[in-house]
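S.K.: Residue numbers (my numbering), protein chains in the order written: chain A, 1 to 91; chain B, 92 to 182.
Built from N, CA and C at the ideal position, the CB exists for glycine as well.
Small disclaimer: the values here were computed from a predicted structure and weren't measured.
My questions will all concern the structure given below.
There are 2 protein chains.
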Amino acid sequence: MRARVYVTLKPSVFDPQGTTVADALHTLGYASVKDVRQGKFFELDIDAASVGDVRRIAQEVADKLLSNPVIESYRIDVESGVQGQAGEGSR
Amino acid sequence: MRARVYVTLKPSVFDPQGTTVADALHTLGYASVKDVRQGKFFELDIDAASVGDVRRIAQEVADKLLSNPVIESYRIDVESGVQGQAGEGSR
Numbered sequence: 001m002r003a004r005v006y007v008t009l010k011p012s013v014f015d016p017q018g019t020t021v022a023d024a025l026h027t028l029g030y031a032s033v034k035d036v037r038q039g040k041f042f043e044l045d046i047d048a049a050s051v052g053d054v055r056r057i058a059q060e061v062a063d064k065l066l067s068n069p070v071i072e073s074y075r076i077d078v079e080s081g082v083q084g085q086a087g088e089g090s091r
Numbered sequence: 092m093r094a095r096v097y098v099t100l101k102p103s104v105f106d107p108q109g110t111t112v113a114d115a116l117h118t119l120g121y122a123s124v125k126d127v128r129q130g131k132f133f134e135l136d137i138d139a140a141s142v143g144d145v146r147r148i149a150q151e152v153a154d155k156l157l158s159n160p161v162i163e164s165y166r167i168d169v170e171s172g173v174q175g176q177a178g179e180g181s182r
């Protein structure tokens, strides 16, 4: 099954990359883009029996390796492969 | 309104960052994580009248600045703020 971990800087943390992108967009004429924040994400192919197991492993991995809990927060979506369960797993 | 642009390397492009993360996870004992691919995402605050406009601007911006179309593909989700329309806008 596939889990996606989205890691973002916490709102209180300054995001120079996002600011640079926003400035570049203003220079290109996109004044309607008020703010940009950049994050990263990881697609993990996890070999586990249930959506719950996949979510648990993804959570452990996100805590231990993928995010820095001091300045970043993360969100996990699990895609179960079975179409009907995908929405359920991803909320 | 908020648009999220998710940029990933195309499947045929080698992802050394993802491979490094996968190797690190195996070293940490997570053998069930078979593969990792890393991408980036951008949260854009866009000041526009409709979900359609926001999507159009996000798409232009993604094409011109946020992704490299030679090696990357992207996906856009629009979050309209009104709960009922969020799902609709994001597909």
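1. What does residue 76 of chain A reach in chain B if we use C-beta pairs closer than 7 Å?
2. Give me the residue from B:120, B:161, B:122 and B:128 with the minimum Cα distance to residue 111 of chain B.
3. With DSSP collapsed to three states, give me the class of residue 138 of chain B.
4. Grab the span of the alpha helix (DSSP H) containing residue 78 of chain A for me, first residue to last.
5. Assuming residue 157 of chain B contacts residue 133 of chain B (C-beta within less than 8 Å), just tell me the rounded distance between them.
6. Let's test the definition: count the other Cβ atoms within 10 Å of the Cβ of residue 138 of chain B and tell me whether it reaches 16, buried, or not, exposed.
7. So with CB distances below 7 Å, who are the chain B contacts of residue 71 of chain A?
8. Going along the chain, which residues of the segment 28-50 of chain A sit with their C-beta nearer than 8 Å to a C-beta in chain B?
9. With residue 55 of chain A and residue 78 of chain A assumed to form a contact (beta carbons below 8 Å), what rounded beta-carbon distance in angstroms separates them?
10. Should residue 49 of chain A go down as buried or exposed, given a rule of 16 or more other Cβ atoms within 10 Å for buried?
11. Quick check: what's the CA-CA separation for residue 15 of chain A versus residue 59 of chain A?
12. Whole angstroms is fine: what's the gap from residue 171 of chain B's alpha carbon to residue 6 of chain A's?
13. Can you check DSSP and say which residues form a bridge with residue 18 of chain A?
M.R.: Reading it off the structure:
1. Within chain B, no residue comes near residue 76 of chain A; the closest Cβ sits about 13 Å away, beyond 7 Å.
2. Looking at the Cα atoms, B:128 is the closest of the given residues.
3. Secondary structure at residue 138 of chain B: coil, using DSSP grouped into helix, strand and coil.
4. Unbroken run through residue 78 of chain A is the beta strand (DSSP E), 72-79; no alpha helix (DSSP H).
5. Sure, about 6 Å apart at Cβ, within 8 Å.
6. Around the Cβ of residue 138 of chain B, a 10 Å sphere holds fewer than 16 other Cβ atoms; the residue is exposed.
7. The contacting residues do not exist; residue 71 of chain A stays about 16 Å from chain B at best.
8. Within the segment 28-50 of chain A, the qualifying residues are 28, 30, 32, 33, 34, 35, 36, 37, 38, 39, 40, 41, 42, 43, 44, 45, 46, 47 and 48.
9. Rounded, the Cβ-Cβ distance is 5 Å, consistent with contact.
10. By the neighbour-count definition (other C-beta atoms within 10 Å, threshold 16), residue 49 of chain A is an exposed residue.
11. Their Cα atoms are separated by approximately 24 Å.
12. Taking the straight line from one Cα to the other gives about 20 Å.
13. For residue 18 of chain A, which the question treats as bridged, DSSP gives no partner whatsoever.
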